[in-house]
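Numbering (the numbering used here), first residue to last: 10 to 141. Idealized CB from N, CA, C, for every residue including glycine. See structure below.
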């Protein structure tokens, strides 16, 4: 049932926001620090956990997947807006940090590409030695 997806999303959101508020207080920032990201991670972990334990029927799983698909793009858009506003009002340090983050992301593309590549060398595959 789709309502269980909404319930799981709300529990993860409230938990993530509470943790983000506590993190903000611990580091002395009067704001929610990473609460939405924490909520997304909790939603992914909870959905995966419940799916592995076969505690989700098909309708409930569809509800969780639906709300996961809706939740993440909205949060990314909200965070992007906040990052742009922070960069514009934060001065050169915020802009420098943004440029460095983008540069690191570009540099990691080849590394992540190699990690995701599952090709087997032709000389080590079992079928190539059997054919010879």
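Asked: How far does the alpha helix (DSSP H) with residue 44 in it reach, from first residue to last?; Found: 44 to 61
Asked: By Cβ distance below 7 Å, which residues in the same chain neighbour residue 32 in space, the five residues on each side in sequence not counted?; Found: 42, 43
Asked: Taking residue 19 as the reference, which of 66, 49, 37, 70 has the closest Cα?; Found: 49
Asked: Around the Cβ of residue 100, are there at least 16 other Cβ atoms within 10 angstroms (buried) or fewer (exposed)?; Found: exposed
Asked: Just to confirm, are residue 76 and residue 29 a CB contact at a threshold of 7 Å?; Found: no
Asked: Tell me the rounded alpha-carbon separation between residue 66 and residue 53.; Found: 17 Å
Asked: Which word fits residue 25, buried or exposed, when buried means at least 16 other C-beta atoms lie within 10 angstroms of its C-beta?; Found: buried
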